[in-house]
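Novice:
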Amino acid sequence: QDPSFEIQERFTSVSSSSCSQASVSTGVVIKDGNKPIVQISTPGYDETSVDVINGCPIDFFVDGVVSTLGATEIGSNVLVKLPQNDWPSQVKIIHTDTFM
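Note that the working numbering has the sequence shown beginning at 156, numbered continuously upward.
(1) Going along the chain, which residues of its own chain have a beta-carbon closer than 6 Å to the beta-carbon of residue 186, five neighbours each way excluded?
(2) CA-CA distance, residue 188 and residue 159?
(3) What residues in its chain sit with their C-beta under 7 Å from that of residue 178, if we drop five residues either side in the sequence?
(4) Taking only the alpha-carbon atoms, compute the straight-line gap between residue 200 and residue 157 and give it to the nearest angstrom.
(5) One question on the structure: do residue 204 and residue 213 come within less than 7 Å of each other, judged by their Cβ atoms?
(6) Buried or exposed for residue 247, going by 16 or more other Cβ atoms inside 10 Å?
(7) Looking only at its own chain, which residues have a Cβ that is under 8 Å from the Cβ of residue 197, when we skip the five neighbours before and after it?
(8) Exposed or buried, what is residue 221 when buried is set at 16 or more other beta-carbons lying within 10 Å of its beta-carbon?
(9) Please list the segments of the alpha helix (DSSP H) lying wholly inside the segment 180-210, counting only runs of 4 or more residues, in order along the chain.
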């Protein structure tokens, strides 16, 4: 177990009278040692976003600064990729030193 590696996820409840305990993930933050902190989230209803993937608004932050998704290198060890013809769409965060 590596205490410098953390994943934090944000959940939002689903408004439904039949299942009051259901929730969906609306954001994730990944921290890995001294690498940049990467955050991907969906904005709330009627909020603007930086990117749209298959009609879904997405916000992407690196060390707290808003960025644009795509083939993006973050520092010397992290690559963020958004495959163009992949369904369902996936945002891939690759550590190029460990390929994890």
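Backbone N, C-alpha and C define an ideal beta-carbon position, used for all residues, glycine too. Remember, it's a predicted structure, so these values are computed and weren't measured experimentally.
Specialist: Looking at the coordinates:
(1) In the sequence shown, counting from the first residue as 1, residue 186 sits at position 31. Beyond the five residues adjoining it in sequence on each side, residue 186 comes within less than 6 Å, by CB distance, of 161 and 192 in the same chain, given in chain order.
(2) Here residue 188 is taken as the residue at index 33 of the sequence shown, counted from 1. Here residue 159 is taken as the residue at index 4 of the sequence shown, counted from 1. Looking at the backbone, the Cα of residue 188 and that of residue 159 are separated by about 5 Å.
(3) The count along the sequence shown starts at 1 and reaches residue 178 at position 23. Here residue 178 has 166, 167, 168 and 169 as same chain residues with Cβ atoms under 7 Å from its own Cβ, once five neighbours each way along the sequence are excluded.
(4) What you label residue 200 is simply residue 45 of the sequence shown in a count that begins at 1. What you label residue 157 is simply residue 2 of the sequence shown in a count that begins at 1. Computed Cα separation, rounded: 36 Å.
(5) The residue you call residue 204 lines up with position 49 of the sequence shown. The residue you call residue 213 lines up with position 58 of the sequence shown. Contact annotation: residue 204 and residue 213 have beta-carbon atoms nearer than 7 Å.
(6) As a working note, residue 247 is residue 92 in the sequence shown. With fewer than 16 Cβ atoms within 10 Å of its Cβ, residue 247 is classed as exposed.
(7) On the sequence shown, position 42 is the one that residue 197 refers to. Same-chain partners within the cutoff: 181, 182, 204, 211, 212, 213 and 214.
(8) Numbered from its first residue, the sequence shown carries residue 221 at position 66. Counting the other CB atoms within 10 Å of its CB gives residue 221 a total below 16, which places it among the exposed residues.
(9) Segments of the alpha helix (DSSP H) lying fully in the segment 180-210: there are none.
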